[in-house]
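Here's the structure we're looking at; comments come further down.
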Amino acid sequence: TQLLEQSPQFLSIQEGENLTVYCNSSSVFSSLQWYRQEPGEGPVLLVTVVTGGEVKKLKRLTFQFGDARKDSSLHITAAQPGDTGLYLCAGAPGSGSARQLTFGSGTQLTVLP
Amino acid sequence: DTAVSQTPKYLVTQMGNDKSIKCEQNLGHDTMYWYKQDSKKFLKIMFSYNNKELIINETVPNRFSPKSPDKAHLNLHINSLELGDSAVYFCASRVGGREETQYFGPGTRLLVL
Chain A
1 TQLLEQSPQF LSIQEGENLT VYCNSSSVFS SLQWYRQEPG EGPVLLVTVV
51 TGGEVKKLKR LTFQFGDARK DSSLHITAAQ PGDTGLYLCA GAPGSGSARQ
101 LTFGSGTQLT VLP
Chain B
1001 DTAVSQTPKY LVTQMGNDKS IKCEQNLGHD TMYWYKQDSK KFLKIMFSYN
1051 NKELIINETV PNRFSPKSPD KAHLNLHINS LELGDSAVYF CASRVGGREE
1101 TQYFGPGTRL LVL
């Protein structure tokens, strides 16, 4: 079974601060996704990274896929209250599977005004 | 235009009852999923259907049975509800092939008393 550990589990920061969320595994993934889930809603995809070492930017969010495709990070610059939510990483296995995603344990981010 | 919809959004019921949750997607996707999110926000896959064929059946109790009348619908029937079944249940769909993005419904909050 492939497992994804996220850290920190909870993060509460002031508006304007920077933060990094980590997603780690001992397994290799063909791609890794980051989702954000707001209260009362389902997760919504933010980004997919597929190449080891890949860096993608989405406005103030920077996503990186580890060189060995076992880990990923999400960095938020100048966090805003609208960034508040549950951030979930999800890894897709290699070929030959039913494309089942393994979700991480989640990071609950609260950005205080 | 709701992409993935679930009904009901809230479900409160007594232990021992039988209940169903409905899911519909209007995206034309080939694959649909049911996930359970526990109180710690951990998202765990329960079932996956691809073109009406069950392709993943994770180790969930056989009290849970998915039913797919057509490619756009995947319903979840639960027999003899137990207290531990209380959770948020999410339906999701994926276009298929190598495209990994999953689109989630808004969730069904089940509370078993």
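If you read the protein sequences in the order shown, they are chains A and B.
Each residue of the first sequence is one higher than the one before, starting from 1 at the first, in the numbering used here.
Each residue of the second sequence is one higher than the one before, starting from 1001 at the first, in the numbering used here.
No residue lacks a Cβ here, since even glycine has one placed at the ideal position from N, Cα and C.
Please report the distance separating the alpha-carbon of residue i from that of residue j.
i, j, result
"residue 77 of chain A", "residue 21 of chain A", "12 Å"
"residue 43 of chain A", "residue 1007 of chain B", "17 Å"
"residue 46 of chain A", "residue 56 of chain A", "10 Å"
"residue 73 of chain A", "residue 59 of chain A", "15 Å"
"residue 1058 of chain B", "residue 1022 of chain B", "19 Å"
"residue 9 of chain A", "residue 23 of chain A", "11 Å"
"residue 1017 of chain B", "residue 1091 of chain B", "21 Å"
"residue 989 of chain B", "residue 1079 of chain B", "Given a span of 1001 to 1113 for chain B in the structure shown, any question on residue 989 of chain B remains unanswerable."
"residue 82 of chain A", "residue 111 of chain A", "8 Å"
"residue 29 of chain A", "residue 6 of chain A", "15 Å"
Considering only residues of the same chain and omitting the five flanking positions on each side of residue i, which have a CB-CB separation below 7 Å?
i, result
"residue 97 of chain A", "Because residue 97 of chain A carries a pLDDT of 48, less than 50, the predicted location of this residue cannot be relied on, and the following value inherits that uncertainty. There are no such residues."
"residue 53 of chain A", "65 and 67"
Who are the Cβ neighbours of residue i in its own chain at under 6 Å, not counting the five residues just before and after it?
i, result
"residue 1032 of chain B", "1049, 1074 and 1093"
"residue 17 of chain A", "79"
Smallest Cα separation from residue i: which of the options?
i, options, result
"residue 1037 of chain B", "B/1080, B/1027, B/1085 and B/1064", "B/1085"
"residue 103 of chain A", "A/33, A/15 and A/28", "A/33"
"residue 1011 of chain B", "B/1060, B/1088 and B/1055", "B/1088"
"residue 1055 of chain B", "B/1105, B/1063, B/1068 and B/1079", "B/1068"
"residue 1072 of chain B", "B/1026, B/1009, B/1005 and B/1046", "B/1026"
"residue 49 of chain A", "A/38, A/31 and A/35", "A/31"
"residue 176 of chain A", "A/19, A/41 and A/37", "The structure shown does not extend to residue 176 of chain A, since chain A is modelled only from 1 to 113, so the question has no answer here."
Considering only residues of the same chain and omitting the five flanking positions on each side of residue i, which have a CB-CB separation below 8 Å?
i, result
"residue 1013 of chain B", "1019, 1081, 1110, 1111, 1112 and 1113"
"residue 101 of chain A", "33, 90, 91 and 92"
Quick check on residue i: buried or exposed, where buried means 16 or more other Cβ atoms within 10 Å of its Cβ?
i, result
"residue 1053 of chain B", "exposed"
"residue 109 of chain A", "buried"
"residue 1100 of chain B", "buried"
"residue 69 of chain A", "buried"
"residue 1003 of chain B", "exposed"
"residue 1066 of chain B", "buried"
Query raised in the report: Residues in the region 1001 to 1027 of chain B with C-beta within 7 Å of chain A's C-beta atoms, listed in sequence order?
Result: none
Report task. Would you list, in chain order, the members of the region 60 to 88 of chain A that have their beta-carbon closer than 7 Å to a beta-carbon of chain B? Result -> 86 and 88
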